[in-house]
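Quick notes on the structure that follows.
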Amino acid sequence: MAEQNFRWNGGFPKIGIRPTIDGRRKGVRESLEDQTMNMAIGVAKLFSDNLRYPDGSPVECVIADSCIGGVAESAAAASKFARENVGVSITVTPCWCYGTETMDMDPAIPKAVWGFNGTERPGAVYLAAVLSAYAQKGLPAFGIYGKDVQDAGTTDVPEDVKGKLLGFARAGLAVALMKGKSYLSMGSVSMGIAGSIVNDSFFQEYLGLRTEYVDMSEFVRRMDEKIYDPAEYEKALAWVKENCIEGPDNNPAEIQTSRQRKDKDWETVVKMTIIARDLMVGNPRLAELDYGEEAQGHNAIVSGFQGQRQWTDHFPNGDFMEAILNSSFDWNGIRAPYMVATENDSLNGAVMLFGNLLTNTAQIFADVRTYWSPDSVERVTGHKLTGAAANGLLHLINSGPATLDGTGEQTKNCKPAMKPFWEISAEEAQKCLNATSWRPASVEYFRGGGYSSDFLTRGGMPMTMSRLNLVKGIGPVLQIAEGYSVDLPADVHDTLDKRTDSTWPTTWFAPILTGKGSFGSVYDVMDNWGANHGSISFGHIGADLITLASMLRIPVSMHNVPEDQIFRPRVWGLFGTDNAESADYRACNNFGPLYK
């Protein structure tokens, strides 16, 4: 069977903590050693208690061997961090230190400085001085400074400081986890969708990802030559027959496929799912079967499958494959989801990856299909929208696949949720399966057949929709919309759903409005969305996405995140404080891609 942990064999990046100190000996430094090192220990504990890697294990921290009072100790810390695979750096201090002598100079590692707010020693003075040095040297760094004065001996981390430390660390780890991995393009451009033109410069320079490519004929080769684990295939097929409910065939009777053809399609889509996963991350079982090259995989942290039309006009579509891989469970049990973008929309795949790395949860891939105004809903159904939906809805519905976690059948605090895999119970996974029916594909769209996942997302979940777009002359631009999933009366949903393809998964989404700009109305959100697809994450994670985007030098063109939650490098303020959006564009343009 496939070893689920094989995908994590490369290990995970660590967070490096740099306790900096006033280098003056014979009294000053000695009086600060314990307090400074205890700050570092406290931050390490905060991170390991609250943050996890994609496999569910606690995040590991590396603390410099000594407090850093000058350039020699700074260099020693850098050497240790390089040996220990540190991918994120945070400097902590309660006092004045020598700025350019103690700062972290690695240009590719996200970095922050926490200057202790106390009156006994000027930690805030060092914070301001070293952030000035970072700006002058072109190394953006985040500044963290507590609102309230603390006593010198305290070991507590204030709540506002905790929030910034954790927000920085989540985004920084996402940056580090991407570096050196791959985007795997399975196929090429789907139906002229620009996002499926895989831009290797973007992935390399902004995300640190290489781009890997395989033709879809590789699936045929592996199926024909049986380059997959046959025991896993038999196990998977049995699991599918037991757990995947086949729904009604909506095709006109004269073009419906036979029972024999449907059964054959099930066999094919199960093989496709195993093969796509093996292409992404490899499978040691293949080496045992004398397929050593194929066993390696492509080191892919995210992938996309073209499907339409060259594949789907002849073979079963990729809907089952994409839906199951994007889910947090399959025939091997509950496990971390794989990020697979429908129609090889690599830009939507990138934001799916962002959301996954920030939350460790599955992500919903969806068409941003229709804006339903309150008047239109009432005209068509007689129902008046209320509550979160009072200003209208966006119909998010993908053409066949979406993660089964998106059903909302998992719960947190007795409310619908999408959770990290280590929090999901077997009962919750089964509820997600039971809430999903697999509809024979619409043959007019998918001539080769296949199965589409059909479910309705439960309402009441906080959600964040995001999208990356490439703009010639600017580069990547991020869009963010926080909001809520919404329940509609069953008859209202049915009436609206049947106006499109009712065999596909639906999420009714109500963005939070601010009354201005792109969030003046739900119509404005739809009208300003940059592409036909979006990635939907559980929770309001817009602030973390903005922090991550600033680390990657990607400007945010549209968001509804409260201003007091936004956290970017301190130097962003030097590009102007009156218009944060404009300053963001100028700062990203000035510093350029992280890996260029």
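Letter by letter, the sequence shown follows residues 3 to 598 in the working numbering. Note that CB positions come from ideal geometry on N, CA and C, so glycine has one too.
Quick one: using the 10 Å Cβ neighbour count with 16 as the cut-off for buried, is residue i buried or exposed?
{"i": "Thr438", "result": "buried"}
{"i": "Asp586", "result": "buried"}
{"i": "Pro254", "result": "exposed"}
{"i": "Glu295", "result": "exposed"}
{"i": "Glu234", "result": "buried"}
{"i": "Asn415", "result": "exposed"}
{"i": "Ser203", "result": "exposed"}
{"i": "Glu411", "result": "buried"}
{"i": "His561", "result": "buried"}
{"i": "Val151", "result": "exposed"}
{"i": "Thr38", "result": "buried"}
{"i": "Lys273", "result": "buried"}
{"i": "Val473", "result": "exposed"}
{"i": "Ala80", "result": "buried"}
{"i": "Val382", "result": "exposed"}
{"i": "Asp407", "result": "buried"}
{"i": "Arg223", "result": "exposed"}
{"i": "Ile257", "result": "exposed"}
{"i": "Arg570", "result": "buried"}
{"i": "Thr157", "result": "exposed"}
Here's a check: name, in chain order, each residue in its chain whose Cβ is nearer than 7 Å to the Cβ of residue i, leaving out the five neighbours to either side.
{"i": "Pro491", "result": "His385"}
{"i": "Glu103", "result": "Gly72, Val73, Ser76"}
{"i": "Lys421", "result": "Thr363, Gln412, Lys414"}
{"i": "Gly541", "result": "Thr361, Pro464, Thr466"}
{"i": "Phe221", "result": "Met274, Ile277"}
Please state if the CB of residue j and the CB of residue i are separated by a distance shorter than 7 Å.
{"i": "Tyr453", "j": "Phe331", "result": "no"}
{"i": "Glu345", "j": "Ile195", "result": "yes"}
{"i": "Leu515", "j": "Arg555", "result": "no"}
{"i": "Gly532", "j": "Gln481", "result": "yes"}
{"i": "Lys16", "j": "Asn87", "result": "yes"}
{"i": "Lys113", "j": "Ala143", "result": "yes"}
{"i": "Asn350", "j": "Pro339", "result": "no"}
{"i": "Ile42", "j": "Ile23", "result": "Per the sequence shown, the amino acid found at residue 42 is Ala instead of Ile. No; because the gap between Cβ atoms is not below 7 Å, this pair is not in contact."}
{"i": "Tyr100", "j": "Gly25", "result": "yes"}
{"i": "Val479", "j": "Pro557", "result": "yes"}
{"i": "Ala302", "j": "Leu209", "result": "no"}
{"i": "Phe511", "j": "Leu398", "result": "yes"}
{"i": "Gly12", "j": "Trp424", "result": "no"}
{"i": "Asp369", "j": "Asn400", "result": "yes"}
Mapping the DSSP letters down to three states, classify residue i as helix, strand or coil.
{"i": "Ala4", "result": "Residue confidence is low: Ala4 scores 47 on pLDDT, short of 50, so the model does not pin down where it sits. No coordinate-derived value is stated."}
{"i": "Ala302", "result": "strand"}
{"i": "Trp424", "result": "helix"}
{"i": "Pro286", "result": "helix"}
{"i": "Cys590", "result": "helix"}
{"i": "Lys598", "result": "coil"}
{"i": "Asn52", "result": "helix"}
{"i": "Lys414", "result": "strand"}
{"i": "Trp10", "result": "helix"}
{"i": "Ser439", "result": "strand"}
{"i": "Gln308", "result": "coil"}
{"i": "Cys601", "result": "The displayed coordinates of the chain run from 3 to 598. Any statement about residue 601 would go beyond what the structure contains."}
{"i": "Trp506", "result": "coil"}
{"i": "Ile326", "result": "helix"}
{"i": "Glu256", "result": "helix"}
{"i": "Val61", "result": "coil"}
{"i": "Leu396", "result": "strand"}
{"i": "Gly575", "result": "helix"}
{"i": "Asn530", "result": "helix"}
{"i": "Trp362", "result": "According to the sequence as given, residue 362 is Asn; it is not Trp. Three-state result, Asn362: coil."}
{"i": "Met465", "result": "strand"}
{"i": "His385", "result": "coil"}
Just to check my reading of the structure: residue i and residue j have Cβ atoms closer than 8 Å, yes? What is that Cβ distance to the nearest angstrom?
{"i": "Leu359", "j": "Leu167", "result": "Their Cβ separation, rounded to whole angstroms, is 18 Å, which puts Leu359 and Leu167 out of contact at 8 Å."}
{"i": "Arg263", "j": "Gly451", "result": "7 Å"}
{"i": "Phe8", "j": "Pro286", "result": "6 Å"}
{"i": "Ile170", "j": "Thr549", "result": "For the sequence presented, residue 170 should be read as Phe rather than Ile. Indeed they touch by this definition, with Cβ atoms about 7 Å apart."}
{"i": "Val94", "j": "Trp116", "result": "5 Å"}
{"i": "Leu211", "j": "Phe14", "result": "Incorrect: roughly 16 Å between the Cβ atoms, too far for contact."}
Can you name, in chain order, every residue of its own chain whose Cβ lies under 6 Å from the Cβ of residue i, other than the five neighbours on each side?
{"i": "Cys246", "result": "Trp440"}
{"i": "Gly140", "result": "none"}
{"i": "Met354", "result": "Met341, Gln365, Ser537"}
{"i": "Lys433", "result": "Glu411"}
Excluding five sequence neighbours on each side, which residues of the same chain lie with their C-beta closer than 8 Å to the C-beta of residue i?
{"i": "Met193", "result": "Gln310, Arg311, Glu345"}
{"i": "Asp456", "result": "Gly249, Thr438, Ser439, Trp440, Arg441, Ser504, Thr505, Trp506, Pro507"}
{"i": "Ser623", "result": "The question about residue 623 has no answer, for the chain in this structure spans 3 to 598."}
{"i": "Arg337", "result": "Gln6, Ser330, Phe331, Phe423"}
{"i": "Pro60", "result": "Ser50, Asp51, Leu53, Arg54"}
Mind checking whether the beta-carbon of residue i lies closer than 6 Å to any heavy atom of the ligand GTP?
{"i": "Thr579", "result": "Ligands are entirely absent from the displayed structure, and the ligand GTP is therefore not among its contents."}
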